[in-house]
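So the protein sequences, as listed, match chains Z and Y.
Take the position in the first sequence, starting the count at 1, then add 6; the result is the number in the numbering used here.
Take the position in the second sequence, starting the count at 1, then add 6; the result is the number in the numbering used here.
Beta carbons are placed, not taken as given, at the ideal position from N, Cα and C, and that holds for glycine.
Treat the numbers as computed from the prediction; the structure is a model and nothing was measured.
Read the structure below first, then the notes.
Number of protein chains: 2
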Amino acid sequence: MRQIAERAEVSIGTVSHVINDTAKVREKLRQRVLDAIRSLGYQPSQLARGLRRNETNIVVMIIPDITNPFFPAVVRGVEDVAYGNSFRLILCNTDNDPRKEISYLNELRSYRPAGWLVIPAADSVMAAQLESAAASGAPVVCLDRQPPGWKGDVVLVANEAGAHSATRHLLRMGHRQLAVITGPLHLTNAVERLKGFKRALAEAKVPIEPEYIQEARFNRQSGYQAAARLLRMLPRPTAIFACNDLMAIGVLLAARELDLHCPDQLSIVGFDDLDFAEFTAPALTSVYQPGYQLGTTAARLLLKRIQGSKQFPQKIVLPSELKIRHSVASLSPAPPSPSRLRQREEALEIR
Amino acid sequence: MRQIAERAEVSIGTVSHVINDTAKVREKLRQRVLDAIRSLGYQPSQLARGLRRNETNIVVMIIPDITNPFFPAVVRGVEDVAYGNSFRLILCNTDNDPRKEISYLNELRSYRPAGWLVIPAADSVMAAQLESAAASGAPVVCLDRQPPGWKGDVVLVANEAGAHSATRHLLRMGHRQLAVITGPLHLTNAVERLKGFKRALAEAKVPIEPEYIQEARFNRQSGYQAAARLLRMLPRPTAIFACNDLMAIGVLLAARELDLHCPDQLSIVGFDDLDFAEFTAPALTSVYQPGYQLGTTAARLLLKRIQGSKQFPQKIVLPSELKIRHSVASLSPAPPSPSRLRQREEALEIR
DNA sequence: TTGTATGCGTTATCAG
DNA sequence: CTGATAACGCATACAA
């Protein structure tokens with residue numbers, strides 16, 4: 007700054023003023039300063055600026071598992087609106103580890119981020135942690151999961167409704183031995199999906215076998231293990247609702263290993279509708295979640311908060327939607343394997 | 007810091023000394039300071055520290071497309087080693103847009119990151135930009151692609167060899183009408199893969215049809231379009247080598263729409279071996295790239311540089327490996343559709 | 001409208 | 001070993 011002040015023959019304060027538009031500066035001086043900035047390729051130090059202003063243009067985003075394609079979609083949405091508003095994203099992967107999450111929350115606070123976007127890894131302790139992060143001044147909005155006790159902004163997907171419609175679909179297709187592989191039940195979205203499943207069953211007056219409810223960890227591996235357990239039970243469930251697509255893939259794998267053909271011998275519904283759901287064998291029936299929109303809406307909400315909105319805490323719920331493909335068979339008659347032609351047409355229509 | 011200095015009844019300088027271990031401090035005082043730190047829940051301001059030291063514990067990572075599952079795997083590797091060494095990752099998604107990349111490079115410099123990890127989006131201009139980033143003192147290591155002219159550290163995968171073995175596989179299966187869908191040819195990895203393809207053809211003395219070489223953009227959409235072009239040609243290629251899995255999925259889709267059965271009427275090989283390759287219909291034969299290792303090795307190399315290693319610039323090449331599944335058929339006799347049993351066994355063995 | 005001076009929270013130098 | 005004190009680069013209150 008001193009250099010450009012000298013070059014433009016003004017004071018260092020004036021330079022700051024033209025940069026931040028914080029005082030009226032005579033056009034002539036302004037131009038001289040701007041020219042100097044350009045010719046020296048000057049970039050303001052975000053560190054010094056942040057130190058002085060007590061706030062940076064960083065938005066911290068905390069996600070549980072970057073390896074689950076659902077989250078990158080969300081990140082993409084966030085990044086698009088953040089970048090467009092000249093915020094930079096620092097991305098933290100917690101590996102579903104609450105300790106890592108807390109550590110990020112504490113350490114990154116000292117970078118004075120403008121705001122926080124967090125997909126909580128777990129835990130009811132979380133709410134308190136988030137409170138304290140928020141206490142430092144920067145707004146926090148939660149995505150995808152609502153930690154119990156959290157009273158701030160949150161953007162969710164219609165988990166209960168999505169699970170409900172998935173389960174109803176299974177029931178409509180004649181299934182009565184329904185199993186479910188849930189996510190970790192300390193996560194609200196996992197709980198909500200289970201609720202939707204149970205409600206559909208209750209409405210249809212189909213009894214729920216407690217062993218048919220298996221908890222897993224939202225990844226393929228644990229989904230596989232849960233499915234292996236389920237498929238050993240007698241009577242064997244005729245359909246499994248996996249509460250996310252990664253676990254559904256695990257189910258697919260377990261079924262293959264037991265030589266159970268999907269959908270003829272085992273129907274599967276997933277949740278997320280990841281890009282690849284359309285291309286698995288058989289194409290996976292799954293509940294679509296608008297990941298990208300989840301990201302953009304959360305980011306936009308955060309931006310408003312950063313700009314000082316004192317609106318009452320929001321709870322935004324985005325719709326989910328069942329995408330019917332070929333991993334569910336009708337149970338009653340001999341299941342007619344769909345002709346290749348029909349497969350193709352439906353695949354097209356779904357895109 | 008002043009607060010804890012008062013509480014521990016030492017000077018502020020001493021506090022700094024115990025925090026940074028930058029001078030021998032009498033054990034008694036040290037304990038008092040440490041206690042004060044704990045009881046006040048003090049976190050040093052990374053901004054002030056960065057400003058003073060002229061360097062932060064941030065590592066900036068620039069990737070082209072977070073939506074392509076290959077990159078999250080790399081990020082995961084980077085994050086693991088960075089976090090373990092108490093560096094924080096700021097992740098930038100360039101959307102394959104060189105301008106966005108340059109903008110990130112310039113702006114983020116003012117955060118004084120400890121180092122840069124970049125998967126270049128494009129462009130020969132890049133090398134110069136990276137130079138200038140490096141000129142600011144922080145080391146840069148390139149991943150996955152080597153921008154022409156870049157003389158610094160780089161960690162790659164054996165692209166040429168991988169493509170070569172994929173193509174040889176196709177030739178061995180009797181294919182002679184081989185088409186390839188390349189990535190953007192301003193990217194070294196795309197060029198290398200094309201080279202491998204051409205070399206295999208040359209070695210087998212199979213002529214190359216220029217129209218059979220289609221350039222796309224490493225995503226599903228463009229892969230689909232390229233495939234649609236190829237499949238309209240006469241004679242129609244009997245096999246397509248898609249230079250990444252997303253494009254291979256696009257090919258699968260295009261084939262479906264034309265009612266071409268894969269692998270009987272069209273063989274496909276991909277590159278990346280993304281998680282889902284095993285679950286597509288048919289399971290995709292693809293060249294495995296060790297994404298996670300790419301990330302960890304690059305991060306480790308960067309850490310060494312940050313710690314001051316003046317070693318000669320490294321070029322590390324990680325091996326790739328062809329994973330044979332079911333998207334390639336033998337051309338010569340009537341292609342026997344593999345029995346379900348065999349499918350299962352191979353799938354198992356591949357895991 | 002412009003310039004001066006102070007302090008943001010640290011680290012580092014240097015004198016005691 | 002410990003404590004003052006001067007930067008680091010910037011924003012801002014206030015004086016001019």
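Item: Does DSSP put Lys157 (chain Z) in a helix, in a strand, or in coil?; Value: coil
Item: Is it true that the region 147-164 of chain Z meets the region 173-188 of chain Z, where meeting means three or more beta-carbon pairs spaced less than 8 Å apart?; Value: no
Item: I think Ala206 (chain Z) touches Thr173 (chain Z), with their Cβ atoms under 8 Å apart; what is that distance to the nearest whole Å?; Value: 4 Å
Item: Just list the alpha helix (DSSP H) runs in the region 150-219 of chain Y, keeping only unbroken ones of 4 residues or longer that don't cross its boundaries, in chain order.; Value: 165-178, 194-209
Item: Compare the C-beta of Ala331 (chain Y) with all C-beta atoms of chain Z and state if any pair is closer than 7 Å.; Value: First, the amino acid is wrong: residue 331 (chain Y) is Arg here, not Ala. Chain Z, which has no Cβ nearer than 7 Å to the Cβ of Arg331 (chain Y), makes this no.
Item: Look up Arg94 (chain Z) in the DSSP assignment and give the residues it is bridged to.; Value: Z:Ile64
Item: Quick one: grab the DSSP three-state call for Lys329 (chain Y).; Value: strand
Item: Which ranges would you report for the alpha helix (DSSP H) in the region 242-297 of chain Y if only whole runs of at least 4 residues count?; Value: 251-263
Item: Does the CB of Glu4 (chain Y) have a neighbour CB from chain Z at under 7 Å?; Value: What is shown of chain Y runs 7 to 357, which leaves residue 4 (chain Y) out entirely.
Item: Exposed or buried, Glu166 (chain Y), counting other C-beta atoms within 10 Å across all chains shown (16 or more means buried)?; Value: buried
Item: Can you name the start and end residues of the alpha helix (DSSP H) that Gly121 (chain Z) belongs to?; Value: Not the alpha helix (DSSP H): Gly121 (chain Z) falls in the beta strand (DSSP E), residues 121-124.
Item: According to DSSP, is Leu324 (chain Y) part of a helix, a strand, or is it coil?; Value: strand
Item: Hey, Ile274 (chain Z) and Ser333 (chain Z) are a contact pair by Cβ (cut 8 Å); roughly how many whole angstroms apart?; Value: 4 Å
Item: Under DSSP, the alpha helix (DSSP H) around Pro319 (chain Z) begins and ends at which residues?; Value: Run containing Pro319 (chain Z): none; DSSP gives neither H nor E here.
Item: With a threshold of 16 other CB atoms inside 10 Å of the CB of Phe282 (chain Y), please say whether the residue is buried or exposed.; Value: buried
Item: Applying the 10 Å Cβ sphere with the 16-neighbour rule, what's the burial state of Ile64 (chain Y)?; Value: buried
Item: Assign Ile69 (chain Z) to one of three DSSP states: helix, strand, or coil.; Value: strand
Item: Going by DSSP, what residue range makes up the alpha helix (DSSP H) through Tyr48 (chain Y)?; Value: Looking at the DSSP string, Tyr48 (chain Y) is not in any alpha helix (DSSP H), and its letter there is neither H nor E.
Item: Report the residue from Y:Val80, Y:Pro119, Y:Tyr48 whose alpha carbon sits nearest the alpha carbon of Arg59 (chain Y).; Value: Y:Pro119
Item: On the DSSP letters alone, give me the boundaries of the alpha helix (DSSP H) that Pro104 (chain Z) sits inside.; Value: 104-115
Item: With Ile10 (chain Z) and Leu46 (chain Z) assumed to form a contact (beta carbons below 8 Å), what rounded beta-carbon distance in angstroms separates them?; Value: 6 Å
Item: Out of Z:Gly297, Z:Leu272, Z:Pro296, state which residue places its alpha-carbon closest to the alpha-carbon of Pro288 (chain Z).; Value: Z:Leu272
Item: According to DSSP, which residues form a beta bridge with Val147 (chain Y)?; Value: Y:Leu123, Y:Asp159
Item: For the alpha helix (DSSP H) that contains Thr28 (chain Y), what are its first and last residues?; Value: Taken as a continuous stretch (DSSP letters only), Thr28 (chain Y) belongs to no alpha helix (DSSP H), as it is neither H nor E.
Item: Between the alpha carbons of Gly202 (chain Y) and Asn112 (chain Y), how many angstroms are there, rounded?; Value: 35 Å
Item: For Arg223 (chain Z) and Leu300 (chain Z), I'd like the C-alpha separation in whole angstroms.; Value: 21 Å
Item: Please name the residue or residues paired with Pro99 (chain Z) in a DSSP beta bridge.; Value: The question names Pro, but residue 99 (chain Z) is Asn in the sequence shown. Z:Ile69, per the DSSP bridge assignment.
Item: With a threshold of 6 Å on Cβ separation, who are the neighbours of Asp159 (chain Z) within its own chain once the five nearest residues in sequence on each side are excluded?; Value: Val147, Leu307, Pro319, Gln320
Item: Using the three-state DSSP reduction, which class does Glu221 (chain Y) fall into: helix, strand or coil?; Value: strand
Item: Sort Y:Arg226, Y:Lys211, Y:Pro213, Y:Leu162 by Cα distance to Thr188 (chain Y) and report the nearest one.; Value: Y:Arg226
Item: Can you check whether the C-beta of Pro213 (chain Z) is within less than 7 Å of a C-beta belonging to chain Y?; Value: no
Item: Report the residue from Z:Asp41, Z:Thr62, Z:Gln49 whose alpha carbon sits nearest the alpha carbon of Ser51 (chain Y).; Value: Z:Thr62
Item: Cα-Cα, which of Z:Ile125, Z:Ser315, Z:Ile219 is closest to Leu97 (chain Z)?; Value: Z:Ile125
Item: Measuring straight from C-alpha to C-alpha, what distance separates Arg235 (chain Y) and Ala260 (chain Y)?; Value: 9 Å
Item: For Ser17 (chain Z), which three-state DSSP category applies?; Value: coil
Item: Does any C-beta atom of chain Y lie closer than 7 Å to the C-beta of Tyr117 (chain Z)?; Value: yes
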